[in-house]
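Residue numbers (the UniProt record's numbering): 1 to 582.
The structure appears below as structure tokens.
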């Protein structure tokens, strides 16, 4: 064994604690990078495969009621490949074990689903028969939360009357990967789900014979989405169309896409912090190691060892530490990725959750880890390789000393001798001290970042549900109701206060920017649903007209206080109003 190799083994045995700490930190950065990229690749692949196999629609249109020939006219638009007219209604279910009713989206389907847009994948059972009046397929997550199986029955209010529905199948659809109840922030599979029923039976139940109130549209590859949407809106406007929208505004797709975006952010932010801390530690440890081994390096140089051999010795040590960290990080990242996919499967239901290994990202992670380590040890390795034997054997010359800054400022008189020694040590070793402080700062940043999400969620919950939305329950209707409904709600048992609100779907335009959302109309001085400013002070709503926009919405549209925004109301006659932001 060569002398340098024996020296390497001796150094590893002597500094195994520091090496283990650095390798562990490096492994954490690589593990997070591998986990995020592998999970992101697996989710993205599962999503795209599901969308392709399930014929997920490109555009969606919601109407009040339109005759079937309108769907044929939409299909004739240049760029439209296929159109699927449907009847979609929200219904309430009476489930014995629940005090409150569950709310489900009831969607019509055709008999043959093999080539249907937003096709239903059966997990169990069969599809509903056109000849049977009350047969449905239930979404899988909703069925699992209630223990439903094919052959079970559930009561629902359909067409203002009770119906006893027979569950004949359990299925999935690319349109409902993530199902959330209207007005809710997160999914609740006990309260919200999807039911699929034969279109013929839904038309009879809701008096929609020869008509539809929902369109799912697939486009050709060359289609211009804005032009197609404009033509569809022109056709459907007389029939209560609320405006066509693409996948970007489809609730399920948007939630999954947002999650992939967060994973992409995680893949770069957290590993960067871990790798930066490890680079500082590499620099500190190897700088001290070279200083301690100056005499050994000088002896080796005197015996004829070349500078590149000395540098290679320390590079081998760096490679060994990086290799240990890379193996541990790779194993940890793959395990964490499997665990993350298991958690996502609880919320995002795909027919198959394909686990794919992001080999390219893993190679990049290891190379970045090795590059980070070399960057941190570069100055120390260069110093070791450039040492001249005669110079290395001499004791280090004392550093030039000009007096402490504390002495120059006259503060040393209040310092004890030990304190002066500490201050002198810090001032005469500025670079190592700065790197040590930065390393500790980044380590503290990791701890803060770990608890940031929990604290943020707690703050949002307190702000939203104790200071802003202070009501105990929210009652929503499928259609606008008269003020008599307010009196009816006020006289319900246990109700002490009622505040009405009106929610209207709109499309806002400012310059070239547009955004689709819903405007909430509240009381001038609401108490149960308050709008707060950045200081958490309730705002008084303008009675003479005007809009209060959230800060984020104002950034998206690029509006300032006092700007006039074009607001297109997406219901009724769909008027457009010019409203000033206040």
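A virtual CB, placed ideally from N, CA and C, is assigned to each residue, including glycine.
- For residue 30 and residue 315, the gap between their C-alpha atoms comes out near 20 Å.
- Taking the C-beta atoms as reference points, residue 216 is found no nearer than 8 Å to residue 51.
- Nearest to residue 292 by alpha-carbon distance, out of 203, 249, 380 and 528, is 380.
- Take the alpha-carbon of residue 55 and the one of residue 266: they are about 31 Å apart.
- Distances from the CA of residue 279 to each of 418, 170, 127 and 442 were compared; the closest alpha carbon is that of 442.
- In terms of Cβ geometry, residue 27 and residue 329 form a close pair [threshold 8 Å].
- A direct Cα-to-Cα measurement between residue 491 and residue 232 gives close to 44 Å.
- Assigned with DSSP and collapsed to three states, residue 214 falls in strand.
- Taking residue 146 as the centre and dropping the five residues before and after it, the same chain places no C-beta closer than 6 Å to its C-beta.
- In the displayed model, residue 498 falls within coil according to three-state DSSP, outside both helix and strand.
- With 16 or more other Cβ atoms inside 10 Å of its own Cβ, residue 196 counts as buried.
- Contact between the stretch 77–95 and the stretch 241–254 is absent: fewer than three C-beta pairs spanning the two stretches fall below 8 Å.
- When the five nearest sequence neighbours on each side are left out, the beta carbons in the same chain lying within less than 6 Å of the beta carbon of residue 373 are those of 282, 318 and 322, in order along the chain.
- Its chain contains 468, 522, 538, 539, 541 and 548 as the residues whose beta carbon lies nearer than 8 Å to that of residue 531, once the 5 sequence neighbours on both sides are disregarded; these appear in chain order.
- The Cβ atoms of residue 483 and residue 529 do not sit closer than 8 Å to each other.
- Counted as a single uninterrupted DSSP element, the stretch harbouring residue 560 is not any alpha helix (DSSP H), since DSSP gives it neither H nor E.
- Separation of residue 368 and residue 444 (C-alpha to C-alpha, rounded to the nearest whole angstrom) is 22 Å.
- Residue 29 sits in a helix when the DSSP states are folded into three classes.
- Judged by their CB atoms, residue 70 and residue 239 are nearer to each other than the 8 Å cut-off.
- Note on geometry: alpha-carbon atoms of residue 383 and residue 295 lie some 13 Å from one another.
- Residue state for residue 143 is assigned as helix, using DSSP reduced to three classes.
- DSSP lists 125 and 137 as the beta-bridge partner residues of residue 169.
- Residue range 80–86 is occupied by the beta strand (DSSP E) that includes residue 86.
- Nearest to residue 25 by alpha-carbon distance, out of 285, 250, 234 and 275, is 275.
- From the listed residues 162, 242, 261 and 452, the smallest Cα separation to residue 43 is found for 261.
- Distance from the CA of residue 136 to the CA of residue 72, rounded to the nearest whole angstrom, comes to 27 Å.
- Within its own chain, the residues whose Cβ lies closer than 7 Å to the Cβ of residue 237, once the five positions on either side in sequence are excluded, are 574, listed in chain order.
- Boundaries for residue 98: no alpha helix (DSSP H) harbours it, and the DSSP string shows neither H nor E there.
- Residue 54 carries a coil assignment under DSSP once its states are collapsed to helix, strand and coil.
- In the structure shown, residue 239 falls within a helical segment according to DSSP collapsed to helix, strand and coil.
- Distance from the CA atom of residue 562 to the CA atom of residue 517, rounded to whole angstroms, is 20 Å.
- 506 is the residue among 506, 10 and 126 whose C-alpha sits nearest the C-alpha of residue 565.
- For the stretch 225–293, the continuous alpha helix (DSSP H) assignments of 4+ residues that do not extend past its boundaries occur at 225–236 and 251–292, in sequence order.
- Taking 8 Å as the cut-off, the Cβ atoms of residue 140 and residue 172 count as close.
- If you draw a 10 Å sphere on the C-beta of residue 375, you find fewer than 16 other C-beta atoms in it, and that means exposed.
- When the beta-carbon positions are compared, residue 569 and residue 515 stay at least 8 Å from each other.
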